[in-house]
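Below: one structure, written as structure tokens.
Number of protein chains: 2
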Amino acid sequence: MDEFELISRYFSNCGAKRHDTGIGVGDDAAVLQVRDGCDLVITTDTMVAGTHFFPDADPRALGHKLVAVNVSDIAAMGAEPAWLSLAITLPSIDEAWLSAFAAGLHETAEYYNCQLVGGDTTRGPMSLTMVAKGIVPRGKAITRSGAKVGDYIYVTGTLGDAALGLKLCQGLHEVSKKHQTHILQRFHFPSARVALGQALRNIASSAMDLSDGLYSDIQHILKRSGVGASIDVSRLPLSQAVKDSCDNATAMQLALSGGEDYELLFTVPEAKRGSLDVLLSPYGIAITCIGRITGVAGKLELKQAEQPFNYVHSGFIHF
Amino acid sequence: MDEFELISRYFSNCGAKRHDTGIGVGDDAAVLQVRDGCDLVITTDTMVAGTHFFPDADPRALGHKLVAVNVSDIAAMGAEPAWLSLAITLPSIDEAWLSAFAAGLHETAEYYNCQLVGGDTTRGPMSLTMVAKGIVPRGKAITRSGAKVGDYIYVTGTLGDAALGLKLCQGLHEVSKKHQTHILQRFHFPSARVALGQALRNIASSAMDLSDGLYSDIQHILKRSGVGASIDVSRLPLSQAVKDSCDNATAMQLALSGGEDYELLFTVPEAKRGSLDVLLSPYGIAITCIGRITGVAGKLELKQAEQPFNYVHSGFIHF
């Protein structure tokens, strides 16, 4: 099987079929009909075997995760995901693996209404790079740089589940039978908060998705916005699974420094806070206010019941 | 140095500064202001150490080539290159390497008026994936699927130079001193035919860039257009360097099956052929008519002085 047969067999009808795809897989480049009055939003994520996933990881879950983590970045900008490209590097052709990987990719791309429109296939150590493209009304993208002093800080869903799932897979933490499915689902099959992200367009002053953990991720908003933050750790939303499986210190470690939750972190000005619960209730995802933006540029204060909360962060190091 | 320092030091002000970049490096995603009435054109190329380049290759040349080969795909669509993303996977941080690579990337991106707007940096076996984005007036992209029976087949520049350069680097072929600079330049620092590609928008019925060699690349046009081709090998444009360094059989092998020339292959209807030389002369790149499109779908005929030309193709196998 050469490169072109491989693409045609596994990747030529992948994801949703969109009417605004001018040309998809098979030409020198894809042609995308970005709507007039819209900006294009584009993000890239690479997953390398041995660094980001176990070499024997379930290929269907990998396909899912690759799409979801990319779409999550699009969601965090308040944009509508639309198109995906895939650069896949494989040491050899394993048809069973490719078939399962492509199935995971297809079903997740279709779920988010994204079409795979191109990419590259090469030989080498296994590595997966996805590029997700979305559209947003011109000037309406939610960035990391708009947080203002006094804004309220929110997160969606619950924190630390994916990190607990990773520990469970590594045999480093026990989780009771009844919670295992939920925790593994959160780790292997993360959800991107797409509809909610779009609903935040005219509400949030800043937003990002949580991939490396709240403690390190929020620093990007503080840096880009030139502000500080005060977070009440007793308000961090924890799933029943994390509460039942961990002592308090471990739960805090997971919620603050655990990665891969792909929940949204966002800030809301006081004036827009009143209608927030009502506006976001249709999306079925809990939102929790965990603190406020302060004027101490770059400083993250953690509190618990109005007292300083001592915390030693140990996060994921990219290099 | 962590990921964020690395990005900030080497990749945060890379390439041209474009006014239509809403948000570049540093947020969840880049925001690109695609002009109203334009389509977005997007392509992806991966270069893996050991597969696509020697691990000890000059990093500045690598940076150049990565940009040029991606921009070449944008040029082949008749589009204007605008933005680049880079997913770079490195086994460790080598500051001298990174500095030279980023310099090559920057100078070439700036030359093509492209801005680096994002990407990902990860740890693992060395691999470079670039995504180039361009814009083209809506519906004006030149595809591989528009060739019609009777159209004339053209190529830009000369063929086989890059393949001779590779052989020279590998010590497999001798080239006289006076031609070495030219041949090595063509291999290490390919040019994308950007202005000429855009000039072809209302002229060419199909186009693509030559990355794997004429013999295998033209099959994509034949397949997507449902046509055949007849090529007169005596018309293939050869540089003085190839003519002086190779016997006829070797020159044909280089011109037909050698890759990485990044010249454009395009077809032109008879009605638009008259003004072709005049219209394209300002671009300073020779164009040569090498044959015609035929009605025998999928069949490539090679001729020399009206006689069948026997040829055994051996091209680059991707897997």
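These protein sequences, in sequence, are chains A and B. Per this note's numbering, the first sequence runs over residues 1 to 319. Per this note's numbering, the second sequence runs over residues 1001 to 1319. Beta carbons are placed, not taken as given, at the ideal position from N, Cα and C, and that holds for glycine.
Within chain B, the residues that residue i reaches when beta carbons sit closer than 8 Å
{"i": "Gly-228(A)", "result": "Near Gly-228(A) there are no residues of chain B at all, since even the closest Cβ is about 18 Å away, more than 8 Å."}
{"i": "Asp-209(A)", "result": "Asp-1028"}
{"i": "Arg-224(A)", "result": "Gly-1026 and Asp-1027"}
{"i": "Asp-36(A)", "result": "Asp-1036 and Gly-1037"}
Reference residue i; option with closest CA among the options
{"i": "Leu-214(A)", "options": "Val-194(A), Arg-224(A), Ala-199(A) and Leu-236(A)", "result": "Leu-236(A)"}
{"i": "Lys-990(B)", "options": "Asn-1113(B), Ser-1205(B), Phe-1266(B) and Arg-1193(B)", "result": "Residue 990(B) is absent from the structure shown; chain B starts at 1001 and stops at 1319."}
{"i": "Ala-1096(B)", "options": "Met-1130(B), Phe-1054(B) and Leu-1006(B)", "result": "Leu-1006(B)"}
{"i": "Glu-260(A)", "options": "Phe-11(A), Val-31(A), Asp-45(A) and Gly-119(A)", "result": "Asp-45(A)"}
{"i": "Glu-174(A)", "options": "Asp-212(A), Val-41(A) and Ser-245(A)", "result": "Ser-245(A)"}
{"i": "Asn-1013(B)", "options": "Glu-1003(B), Met-1001(B), Gly-1026(B) and Asp-1002(B)", "result": "Gly-1026(B)"}
{"i": "Asp-120(A)", "options": "Ala-1029(B), Val-1131(B) and Ile-1218(B)", "result": "Val-1131(B)"}
{"i": "Cys-1289(B)", "options": "Ser-1092(B), Ile-1153(B) and Arg-1009(B)", "result": "Ile-1153(B)"}
{"i": "Phe-327(A)", "options": "Thr-122(A), Asp-73(A), Leu-66(A) and Gln-115(A)", "result": "Examination of residue 327(A) is not possible in this model, given that chain A is present from 1 through 319 alone."}
{"i": "Asp-2(A)", "options": "Ile-183(A), Gly-171(A), Asp-94(A) and Met-77(A)", "result": "Asp-94(A)"}
{"i": "Ala-1145(B)", "options": "Thr-1089(B), Ala-1016(B), Val-1268(B) and Arg-1018(B)", "result": "Sequence check: residue 1145(B) is Ser here, not Ala. Out of Thr-1089(B), Ala-1016(B), Val-1268(B) and Arg-1018(B), Val-1268(B) has the C-alpha closest to the C-alpha of Ser-1145(B)."}
{"i": "Lys-1017(B)", "options": "Val-1149(B), Asn-1113(B) and Leu-1200(B)", "result": "Asn-1113(B)"}
{"i": "Ala-195(A)", "options": "Gly-15(A), Ala-229(A), Ile-285(A) and Gln-115(A)", "result": "Ile-285(A)"}
{"i": "Phe-1266(B)", "options": "Met-1047(B), Gly-1022(B) and Thr-1143(B)", "result": "Thr-1143(B)"}
{"i": "Phe-187(A)", "options": "Asn-202(A), Ser-211(A) and Leu-200(A)", "result": "Ser-211(A)"}
{"i": "Thr-51(A)", "options": "Lys-1148(B), Pro-1091(B) and Lys-1299(B)", "result": "Pro-1091(B)"}
{"i": "Tyr-71(A)", "options": "Asp-28(A), Leu-98(A), Gln-115(A) and Thr-89(A)", "result": "Position check: residue 71(A) holds Val in this sequence, whereas Tyr was assumed. The candidate whose alpha carbon is nearest that of Val-71(A) is Gln-115(A)."}
{"i": "Gly-1024(B)", "options": "Leu-1098(B), Val-1117(B) and Met-1077(B)", "result": "Val-1117(B)"}
Contact set between residue i and chain B, taken where Cβ atoms lie within less than 7 Å
{"i": "Leu-32(A)", "result": "Asp-1039, Leu-1040 and Ile-1042"}
{"i": "Asp-45(A)", "result": "Asp-1120"}
{"i": "Gly-124(A)", "result": "Val-1048, Gly-1050, Thr-1051, Pro-1125 and Ser-1127"}
Residue i Cβ short of 8 Å to the ligand PLP heavy atom set
{"i": "Leu-62(A)", "result": "In terms of ligand content, the structure shown is empty, and the ligand PLP therefore cannot be addressed."}
Residue burial classification, residue i (beta-carbon count within 10 angstroms, cutoff 16)
{"i": "Ala-49(A)", "result": "buried"}
{"i": "Gln-307(A)", "result": "exposed"}
{"i": "Val-312(A)", "result": "exposed"}
{"i": "Asp-151(A)", "result": "buried"}
{"i": "Lys-1133(B)", "result": "buried"}
{"i": "Val-278(A)", "result": "exposed"}
{"i": "Asp-1020(B)", "result": "exposed"}
{"i": "Thr-1181(B)", "result": "exposed"}
{"i": "Ser-191(A)", "result": "buried"}
{"i": "Phe-1011(B)", "result": "buried"}
{"i": "Leu-1105(B)", "result": "buried"}
{"i": "Gln-958(B)", "result": "The first residue shown for chain B is 1001 and the last is 1319, placing residue 958(B) beyond what the model contains."}
{"i": "Arg-1009(B)", "result": "exposed"}
{"i": "Ala-1087(B)", "result": "buried"}
{"i": "Ser-1176(B)", "result": "exposed"}
{"i": "Leu-1172(B)", "result": "exposed"}
Chain-ordered chain A contacts of residue i [CB-CB under 8 Å]
{"i": "Gly-1022(B)", "result": "Asp-39, Gly-139 and Ala-141"}
{"i": "Met-1077(B)", "result": "Asp-27, Asp-28, Ala-29 and Val-31"}
{"i": "Arg-1144(B)", "result": "Gly-26, Asp-27 and Asp-28"}
{"i": "Asp-1094(B)", "result": "Near Asp-1094(B) there are no residues of chain A at all, since even the closest Cβ is about 11 Å away, more than 8 Å."}
Per DSSP, cross-strand counterpart(s) of residue i
{"i": "Lys-133(A)", "result": "Ile-42(A) and Trp-83(A)"}
{"i": "Val-1242(B)", "result": "None; Val-1242(B) has no bridge partner."}
{"i": "Gly-291(A)", "result": "Ile-153(A) and Ile-231(A)"}
{"i": "Lys-303(A)", "result": "Asp-232(A) and Pro-308(A)"}
{"i": "Gly-1119(B)", "result": "Leu-1086(B)"}
{"i": "Phe-1053(B)", "result": "Ala-1049(B)"}
{"i": "Val-1031(B)", "result": "Val-41(A) and Ile-1023(B)"}
{"i": "Ser-127(A)", "result": "Val-48(A) and Thr-89(A)"}
{"i": "Val-1268(B)", "result": "Tyr-1152(B)"}
{"i": "Ala-15(A)", "result": "In the sequence as displayed, the identity of residue 15(A) is Gly instead of Ala. DSSP, once it has assigned bridges, lists Gln-115(A) as partnering Gly-15(A)."}
{"i": "Ala-251(A)", "result": "Bridge partners of Ala-251(A): none, in fact."}
{"i": "Ala-1075(B)", "result": "According to DSSP, Ala-1075(B) bridges with nothing at all."}
{"i": "Asp-209(A)", "result": "Leu-264(A)"}
Contacts of residue i in chain B (Cβ-Cβ under 9 Å)
{"i": "Ile-74(A)", "result": "Asp-1028 and Ala-1029"}
{"i": "Ser-85(A)", "result": "Ile-1042, Thr-1043, Thr-1044 and Val-1131"}
7 Å Cβ cut-off: residues of chain A touching residue i
{"i": "Thr-1089(B)", "result": "Thr-46, Val-48 and Ser-127"}
Mind the definition here: the segment 1103-1114 of chain B touches the segment 1071-1085 of chain B only if three or more C-beta pairs lie below 8 Å; say whether that holds.
yes
Quick test of the definition: if touching needs 3 or more C-beta pairs under 8 Å, does the segment 251-262 of chain A touch the segment 272-288 of chain A?
no
Does the segment 1218-1225 of chain B come close enough to the segment 1155-1163 of chain B that 3 or more CB-CB pairs lie under 8 Å?
The segment 1155-1163 of chain B and the segment 1218-1225 of chain B do not touch, with fewer than 3 CB-CB distances between them shorter than 8 Å.
So, does the segment 166-184 of chain A touch the segment 293-304 of chain A, judging by three or more C-beta pairs under 8 Å?
no
Inspect the CB distances between the segment 1048-1065 of chain B and the segment 1120-1139 of chain B and report whether three or more fall short of 8 Å.
yes
Using 8 Å as the threshold, is the segment 25-42 of chain A in touch with the segment 1032-1042 of chain B, meaning 3 or more CB pairs across them?
yes
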